[in-house]
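Right, one structure below, let's go through it.
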Amino acid sequence: MASLFPTPDDGTLENAIQFGTPVLLENIGEELDAFLEPVLLKTTFKQQGVEYMRLGENIIEYSQDFRLYITTRLRNPHYLPEVAVKVCLLNFMITPLGLQDQICWHLQRNGVIFANGMFPFH
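The sequence shown maps to residues 337 to 458 in our numbering.
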């Protein structure tokens, strides 16, 4: 896993996208660099059966194995709605019951339905 702090600008992100390596972007503030926009939206296009992504001025091959993880040290970050709809936000500073509710909400949002509206894990 490649770790980037705080902005990817040395080709590490491009290589990770191309070869399907996970990337950890650490200690991010409340605003994300516009450079990450195509990555957050997974804006890709196919050309001759190969999937590509335009990142800045570069066009790179896109691997479906690529994953981007972003962390912050902010206790209570307030991300713009435009950012929140592009990513899956998890708050690890909450209680186990609160985390259970968050996970349940994300699962329901993605079409997982529970019998009797109950969370299936104890």
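Built from N, CA and C at the ideal position, the CB exists for glycine as well.
Item: Straight-line CA distance for residue 400 to residue 352?; Value: 11 Å
Item: Since residue 429 and residue 409 should fall inside the 8 Å C-beta cutoff, what is the C-beta to C-beta distance between them, to a whole number of angstroms?; Value: Between residue 409 and residue 429 the Cβ distance is about 11 Å, and since that is not below 8 Å, they are no contact.
Item: If we ignore side chains and look at the alpha-carbon of each, how far apart do residue 435 and residue 444 end up?; Value: 14 Å
Item: In the DSSP assignment, what are the bridge partners of residue 380?; Value: 389
Item: Apart from the five residues just before and just after residue 350, which ones in its own chain have a Cβ nearer than 7 Å to its Cβ?; Value: 391, 394 and 396
Item: Apply the 10 Å Cβ neighbour rule to residue 416 and answer buried if 16 or more other Cβ atoms are within range, or exposed otherwise.; Value: exposed
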